[in-house]
Amino acid sequence: MGNKKIVFFFCILIFGITIASLFKKPVTFSEKENRYLASKPTLSLDNVLNGSYMKEYETFITDQFIFRDQWIGIKTKTERLMLKQDINNVFFAKDDYLIENYSESLFTSSLALDNISYLQRFSEKINNYSRPINLKTVIIPTASTILTDKLPLYATPYDQRLYLNAIKNSVSEDNWVDMYSTLLEKKHESIYYRTDHHWTMLGAYYGYCAWAKSIGITPLSFDDFTITTVDNNFYGTIAAKVSDTVPPDSMVSFSPKDSFTYKITDETGATFETFFDDSALNTRDKYTYYMRGNHPYIKVETTPSSNVSKDFYNDRNLLVIKDSYAHCFVPFTSNHFNSVTMIDLRYYKSSIEALLEENNITDILILYSTANFAENKNVKFMLQ
Amino acid sequence: MVFSSLLFLFRFLPIVLIMYFLAPKKARNTLLFLSSLIFYAWGEPIYIVLMLFSTIVDYTLGLFVSHYLSKNLKSKARLCVIISAIINLSLLGFFKYWDFFIGSINSIFSLNLPIFQLALPIGISFYTFQTMSYTIDIYRGNAKAQKNIISFGAYVALFPQLIAGPIVQYKTIAKQLNERTCTYDEFAVGIHYFMIGLGKKILFANNIGQLWDQISTMSLGQQSILTAWLGIICYAFQIYFDFSGYSDMAIGLGHMFGFRFLKNFDYPYISKSITEFWRRWHISLGTWFREYVYIPLGGNRKGLKRQFINIAIVWLLTGFWHGASWNFVLWGVYFGIILMIEKAFLLKFLEKLPSVFSHLYSIIIVLIGWVIFAFDSLPMGINYLKHMFGLSSISLWNTQFLYLLYNNIILIVILCFASTPIPAKIMNTILPYNKDNVSNKIVISRCIFYAIVFLLCVAYLVDATYNPFLYFRF
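Sequence order for the protein chains is A and B.
Position 64 (the first sequence) corresponds to 63 in numbering that gives the first Met the number 0; numbering is contiguous.
Position 57 (the second sequence) corresponds to 56 in numbering that gives the first Met the number 0; numbering is contiguous.
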């Protein structure tokens, strides 16, 4: 009798979950994980014979599994109970920080080393350009190298200073801005998000000060800005990897008190007057609040009102070659340059030289996080 | 397809179970045969032809063997057995060993003979061994030829044991192929084995395997002596819980469908000698080699010298069976030599030692064996051994070792415990399994236990960043 009950219980488990998962409607996009989920593959003889149908079908089941987020939450909680201090390469650090752990192999891969030599060739090219152009390289270490005090006991992530030094040694002293010491000095402030891999706009502000000084511009001070908390419920990409187990982040925006008028044009020709997109705050991927997310090309033209007295240069035009760390950084730069052009090499594949001439570029800023720079397959397009 | 996947648990298994128990008994072998083909084709659509070929060849030869035996033409029957062995070994030889042999010959004689770089058909080492055992068993009179090709096909392709064993000899399930009863009691036993196996694979093997992966790919600068030991202990746990978990799942599924496979693992890590270890590890493979190679060669009946030669042959083959690579050959030779030493004198000495020392001896010998097994490249394996024995000027421990240790200490303690018979004993004491009189309390407790294991496994599968299949080389 008893065994009959065990068999029934087993059938309820297997068939219950099967039926529930069959009736669950597929979702195309996971806001939480910020990625497209696999959809049901189409059945064809070719697909079946080469096995791709079967592979895609398995990904489809896993991606679309019922209560997906809850299952991941159960896994995270179990691992934490087992004293695990990092899950899916995320450290559960002090003060509710989730810090991404990048492996050493990421920074020692041939791609990571190739990217350094592309940068070196690019810097030589710019330094020997037909007219003087001022080049600065800003490579931002991620939280695991700056917020080391917060890491779990004995945790030893890869020390990104090694990679930073390798980049620094490949370009000339004049082309380099030291972000490591800049950020280390401010490590007690909220310069990184607790749940996202980016730096905060505050972190970007400190970065901006160091960069501005390096090119002889006096940065605007805190008092020159109105600083507003625009959101208190931000869960970023790192939280998505381990399911939300920490309180959400808040996001701030810096707007200069002096009146500047911006004309922001994207690659489609659409124009905007502000760097910030309030509608993004209603989505999961709130970081797109800054600069409306990833664009191949964006140009900011600034008109200062007549009473602006701080360093503003009508005759200087800046080109920013960047990853998404620049999205909260570029707003600061626009208060000093006649125009700022920002390109993302993942999508922008046209000639850089043409761009230099077209926009009469006087200054170039290369801005990447260490991890993005090391694993970016498109750095080579700098030389185009 | 593998058992430890959402696809198997929530698509394949429920559909097969429903159809199997709704189908009339006569149709059940056909159903098992067809569903096994789908199971196999899911990962290997093309190679299914190979398995069908092997099935038809051995089915036909089996009939001939039985025919000639009934006419008392023993030499013709014998010829059929030899043909079966030649065909099966050629399949195995071509698909598994061709590139390795030719590659080795090319590099020794600087030749340029063609290699094919074929993907190894999954499970080929298991099913060719099973079909060979079939004709031999008939020849020896241990089993009757199967007249029904579908039933024979079901034996060869039977999905529970198809891709990772155990190697089921035909005589073990000959009767069950034609006549088997499925009861609630049998099914409940199957559930128990299956849940335990699933937990071993997903919760134990996959988790500790991640740590091994991390340690085995560390740069020299990150290594320490204790880290290297921790790493190989993780690998030992991974391969044991992965392999025995698969066997348990196979045994459990077998029970659900009315088959009884033999035990494949018997707590190998509690052994007090290597001789004992190999009686407890992958039992179905050891039995196969003993019955079809070692004993026919004369076993231990022709004097010590001949016995040592037989051991050498069997262990060379055993090593080679695990993969077409020199490290597996070396691994077989390593254990062959140790077994000879134990036979010669060491075993008697070990018996007199306090058991702490004989356990320690066995564990260290086995761990060194796993280093040879784990690295395809011999230089890398030797390097790792140097790390372990402090010959590569690295420190005894470092902060990373401490970090990895305290992050995994609970898991490691659980795994040590789970490698012994103690948990099973406790389970049987507090939740005794008694067919006739099972109290509600026990039923509920068992259900809760299965539910926890199962739901945790599902959670780990949904977030599966690491779920390897280790036997693609076998």
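Note that CB positions come from ideal geometry on N, CA and C, so glycine has one too.
Closest residue to residue i among the options (Cα-Cα distance)
i: B/Trp314; options: B/Phe327, B/Ile214, B/Gly297 and B/Leu30; result: B/Phe327
i: B/Ile409; options: A/Ser109, A/Met250, A/Leu80 and A/Phe311; result: A/Leu80
i: B/Leu197; options: B/Pro23, B/Tyr333 and B/Asp241; result: B/Asp241
i: A/Asp362; options: A/Phe372, A/Ser338 and A/Ser368; result: A/Ser338
i: B/Ala156; options: B/Tyr126, B/Ile447 and B/Glu178; result: B/Tyr126
i: A/Lys124; options: A/Pro151, A/Leu146 and A/Ser171; result: A/Ser171
i: B/Leu457; options: A/Lys24, A/Thr41, A/Asn2 and A/Phe66; result: The sequence shown places Val at residue 457 of chain B, rather than the Leu named in the question. Closest by alpha carbon: A/Phe66.
i: B/Phe86; options: B/Gln175, B/Phe128, B/Leu112 and B/Lys73; result: Correcting the residue identity first, residue 86 of chain B is Ile in this sequence and not Phe. Selected option, being the one with the closest Cα: B/Phe128.
i: A/Val251; options: A/Val245, A/Phe224, A/Ser242 and A/Asp265; result: A/Phe224
i: A/Ile60; options: B/Arg10, B/His66, B/Tyr58 and B/Trp41; result: B/Arg10
i: A/Glu266; options: A/His294, A/Gly206 and A/Lys256; result: A/His294
i: A/Tyr296; options: A/His335, A/Ala111, A/Ile342 and A/Ile16; result: A/Ile342
i: A/Leu329; options: A/Phe275, A/Asn377 and A/Asn232; result: The sequence shown places Val at residue 329 of chain A, rather than the Leu named in the question. Of the listed residues, the one whose Cα sits closest to A/Val329 is A/Phe275.
i: B/Ser376; options: B/Ser324, B/Ala423 and B/Leu414; result: B/Ser324
i: A/Gly292; options: A/Ile132, A/Tyr35 and A/Tyr324; result: A/Tyr324
i: B/Leu112; options: B/Gly331, B/Ala26, B/Phe100 and B/Gln175; result: B/Phe100
Endpoints, the alpha helix (DSSP H) within which residue i is located
i: A/Lys76; result: Arg67 to Leu80
i: B/Pro44; result: Counting along the chain, B/Pro44 falls outside any alpha helix (DSSP H), and DSSP gives it neither H nor E.
i: A/Ile64; result: In the sequence as presented, Ile is not what sits at residue 64 of chain A; that position holds Phe. Unbroken run through A/Phe64: none, as it is neither H nor E.
i: B/Pro378; result: Leu377 to Met387
i: A/Ser123; result: Looking at the sequence itself, residue 123 of chain A is Glu, so the reference to Ser does not match. It spans Ser109 to Asn126 - the alpha helix (DSSP H) in which A/Glu123 sits, taken as one unbroken run.
i: B/Met194; result: Tyr183 to Gly198
i: B/Met131; result: Ile123 to Tyr138
i: B/Phe2; result: That residue, B/Phe2, is in no alpha helix (DSSP H); it is neither H nor E in DSSP.
i: B/Asn326; result: Trp325 to Ile340
i: B/Gln213; result: Asn205 to Ser215
i: B/Thr286; result: Ile282 to Phe288
i: B/Ile447; result: Asn439 to Val461
i: A/Met381; result: Where A/Met381 is concerned, there is no enclosing alpha helix (DSSP H), given that its DSSP letter is neither H nor E.
i: B/Tyr19; result: Leu12 to Leu21
i: B/Ser103; result: Trp97 to Phe108
i: A/Thr236; result: Thr236 to Val241
Per DSSP, cross-strand counterpart(s) of residue i
i: A/Trp175; result: A/Thr136
i: B/Met426; result: Per DSSP, none; premise fails for B/Met426.
i: A/Tyr191; result: A/Trp198
i: B/Met255; result: DSSP, once it has assigned bridges, lists no residue as partnering B/Met255.
i: A/Arg34; result: A/Ser29
i: A/Tyr296; result: A/Ile342
i: A/Lys321; result: A/Leu366
i: A/Val89; result: A/Ile86 and A/Glu99
i: A/Thr302; result: A/Thr260
i: A/Asn393; result: In the structure as shown, chain A starts at 0 and stops at 383, and residue 393 of chain A therefore has no counterpart that could be examined.
i: A/Tyr289; result: A/Phe275
i: A/Thr270; result: A/Thr264
Residue range of the unbroken beta strand (DSSP E) whose run includes residue i
i: A/Asp409; result: Summary: the structure shown does not reach residue 409 of chain A, with chain A confined to residues 0 through 383, and so no result is reported for it.
i: A/Asn232; result: Phe224 to Phe233
i: A/Ile263; result: Phe259 to Asp265
i: B/Asp265; result: B/Asp265 -> no beta strand (DSSP E), and no H or E assigned at all.
i: B/Pro159; result: Premise fails: B/Pro159 lies in the alpha helix (DSSP H), Phe158 to Leu161, not in any beta strand (DSSP E).
i: A/Ser249; result: Asp248 to Pro255
Within chain C, the residues that residue i reaches when beta carbons sit closer than 7 Å
i: A/Phe91; result: Absent here is chain C; the protein component of the structure consists of chains A and B.
For the segment 61-78 of chain A, list every residue whose C-beta sits within 7 Å of some C-beta in chain B, in sequence order. Thr61, Phe64, Arg67, Trp70, Ile71, Ile73, Lys74 and Thr77
Between the segment 197-206 of chain B and the segment 157-168 of chain B, can you find at least three pairs of beta-carbon atoms closer than 8 Å? At 8 Å Cβ cutoff, the stretches do not touch.
Touching or not, the segment 364-383 of chain A and the segment 313-321 of chain A, by the rule of three or more beta carbon pairs under 8 Å? yes
Using a beta-carbon distance cut-off of less than 7 Å, what residues from the segment 11-26 of chain A approach chain B? Here the close residues are Leu12, Ile13, Phe14, Ile16, Thr17 and Ser20.
Residues of the segment 172-202 of chain B in Cβ contact with chain A at a cutoff of 7 Å, in chain order, please. Listed by position along the chain: Tyr183, Asp184, Phe186, Ala187 and Ile190.
Residues, ordered as in the chain, of the segment 305-334 of chain A that lie near chain B by beta-carbon distance below 9 Å: Across the segment 305-334 of chain A, no CB contact with chain B closer than 9 Å is found for any residue.
With 9 Å as the C-beta to C-beta threshold (strictly closer), list the residues of the segment 8-21 of chain B near chain A in chain order. Listed in sequence order: Leu8, Phe9, Arg10, Leu12, Pro13, Ile14, Leu16 and Ile17.
Stretch-stretch touch, CB-based, cutoff 8 Å, three pairs: the segment 44-55 of chain A with the segment 439-454 of chain B: no
Can you pull out the residues from the segment 353-364 of chain B whose beta carbon lies closer than 8 Å to at least one beta carbon of chain A? none
Can you list, in chain order, the residues of the segment 392-406 of chain B whose Cβ is nearer than 7 Å to any Cβ on chain A? Thr398, Gln399, Leu401, Tyr402, Tyr405 and Asn406
Could you please tell me which residues of the segment 129-154 of chain A, in chain order, have their CB closer than 9 Å to any CB of chain B? Pro151, Leu152, Tyr153 and Ala154
Are three or more beta carbon pairs between the segment 241-256 of chain B and the segment 378-387 of chain B nearer than 8 Å? no
Using Cβ-Cβ distances below 8 Å, what residues of the segment 213-247 of chain A are close to chain B? Listed by position, the residues of the segment 213-247 of chain A near chain B (Cβ gap below 8 Å) amount to none.
Members of the segment 438-458 of chain B near chain A, C-beta cut-off 8 Å: If you check each beta-carbon in the segment 438-458 of chain B against every beta-carbon of chain A, the ones closer than 8 Å belong to Ser438, Asn439, Ile441, Val442, Arg445, Cys446, Tyr449, Ala450, Phe453, Leu454, Leu455, Val457 and Ala458.
The segment 261-278 of chain B in contact with the segment 357-373 of chain B per 3-pair CB rule at 8 Å: Three or more beta-carbon pairs separated by less than 8 Å link the segment 261-278 of chain B to the segment 357-373 of chain B, which places the two stretches in contact.
Take every Cβ of the segment 37-47 of chain A, pair it with every Cβ of the segment 210-219 of chain A, and state whether three or more of those distances are shorter than 8 Å. no
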